[in-house]
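K.L.:
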Amino acid sequence: MAGVMDSVNQRTQLVGQNRLELLLFRLDGQQLYGINVFKVREVLQCPKLTVMPKSSPVVCGVANIRGATIPILDLAMATGSGGLRDQSNPFVIITEYNTKTQGFLVRSVERIVNMNWEEIHPPPKGTGRDHYLTAVTRVDNQLVEIIDVEKVLAEVAPTSENISFGVVDVETQHKAISLRVLTVDDSSVARKQITRCLQTVGVEVVSLNDGRQALDYLRKLVDEGKKPEEEFLMMISDIEMPEMDGYTLTSEIRSDPRMQKLHIILHTSLSGVFNQAMVKKVGADDFLAKFRPDDLASRVVDRIKAADNS
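First residue of the sequence shown? That's 2 in our numbering, and the numbers climb one at a time after it.
(1) Considering only DSSP beta bridges, list what glutamine 143 is partnered with.
(2) Could you give the distance in angstroms between the alpha-carbon of alanine 285 and the alpha-carbon of methionine 279?
(3) Take the Cβ of alanine 191 as the centre, count every other Cβ of all protein chains shown within 10 Å, and call the residue buried at 16 or more, exposed below.
(4) Between the alpha carbons of threonine 135 and methionine 260, how many angstroms are there, rounded?
(5) Between which two residues does the beta strand (DSSP E) containing serine 238 stretch?
(6) Just the Cα atoms here: how many angstroms apart are lysine 306 and leucine 234?
(7) Between which two residues does the alpha helix (DSSP H) carrying valine 185 extend?
(8) Whose C-beta lies closer than 6 Å to the C-beta of leucine 24 among residues of the same chain, with five residues either side of it excluded?
(9) Just to confirm before moving on: does the CB-CB distance between alanine 290 and leucine 250 stay below 8 Å?
(10) Check the C-beta distance from asparagine 210 over to aspartate 187 and give it rounded, since I have them as a contact under 8 Å.
(11) Please report how far the alpha carbon of arginine 139 lies from the alpha carbon of leucine 33, in whole angstroms.
(12) With a threshold of 8 Å on Cβ separation, who are the neighbours of isoleucine 73 within its own chain once the five nearest residues in sequence on each side are excluded?
(13) Figure out for me which residue from Asp75, Pro258, Arg27 has the closest Cα to the Cα of glycine 83.
(14) Sorted by chain position, which residues of the same chain lie with C-beta nearer than 6 Å to isoleucine 95's C-beta, five sequence neighbours on each side aside?
(15) Given a threshold of 16 other Cβ atoms within 10 Å of its Cβ, counted over all protein chains shown, does proline 229 qualify as buried or as exposed?
(16) Rounded to whole angstroms, how far is the Cβ of isoleucine 237 from the Cβ of isoleucine 254, which I believe are closer than 8 Å?
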């Protein structure tokens, strides 16, 4: 897969244009799957693995890659099948989510495609609650399934959702009761994590599934004569979302005088040196890596105190 990864500078040109690049791969069979190239560090033939005792069955083992010990997950098993049946010369996709690095074992890696987020759609209704899809699309008339990796990782290695003692005081919780926060995320796991965290702080949470839905919601508010910055303490939005990404959502909000004062935090599992620059480019107020309940709660507490002093 030499040359499969573009440079950071080239890829950041997609930001604000509601575009993304998908790395296409297969598990068993002909079904195509996709993962955002922003999440991928490299693709390589599966190296020798060392089995770790008492690890999750989903973890095939660990590999030493460029001096780092990285867990390798069988993505087929993690998403509910019996695991990758044909393991002759498989590939590993090394990814970075929520500042953690892991590899996904796959049968084959196809190519990278450049797409518009408007071509990425939520999973069809009727898929059920237990599916592992965060979105679907079509490439060359083939269905491509985009896996909810955050759900996979939350099941394999659950992270604490508890806020540490002292992050939120009683006085702030009392003030929070009258405040609302708008959250936008396409991952059901992420929505639940964020909601539980914010409810612990004390605020009311309005949760939406993607950027297009959020923009329509905010436009309806302003059409009714309401001001988003008065309705909500802040908006906390994911970046990767079907229909419209968080960068484009932020740009649309900032370009509309009726809602440009809304405080916006981009909250994402995307990693990379470009994030802070992109936050400034689209006009967001802050960037926060997922999922760190203390950091998220602290941002909300700071906003509550700032609003109280204004």
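Glycine included, C-beta positions come from ideal geometry on N, C-alpha and C.
P.N.:
According to the data block:
(1) Val140
(2) 9 Å
(3) buried
(4) 28 Å
(5) 235-238
(6) 11 Å
(7) Unbroken run through valine 185 is the beta strand (DSSP E), 181-185; no alpha helix (DSSP H).
(8) Ile36, Val38, Val41, Ile113
(9) no
(10) 6 Å
(11) 9 Å
(12) Cys47, Leu50, Val60, Cys61, Gly62, Val63, Ala64, Val93, Gln103, Gly104, Phe105, Leu106
(13) Asp75
(14) Arg42, Glu43, Gly104
(15) buried
(16) Isoleucine 237 to isoleucine 254, Cβ: 13 Å. No contact.
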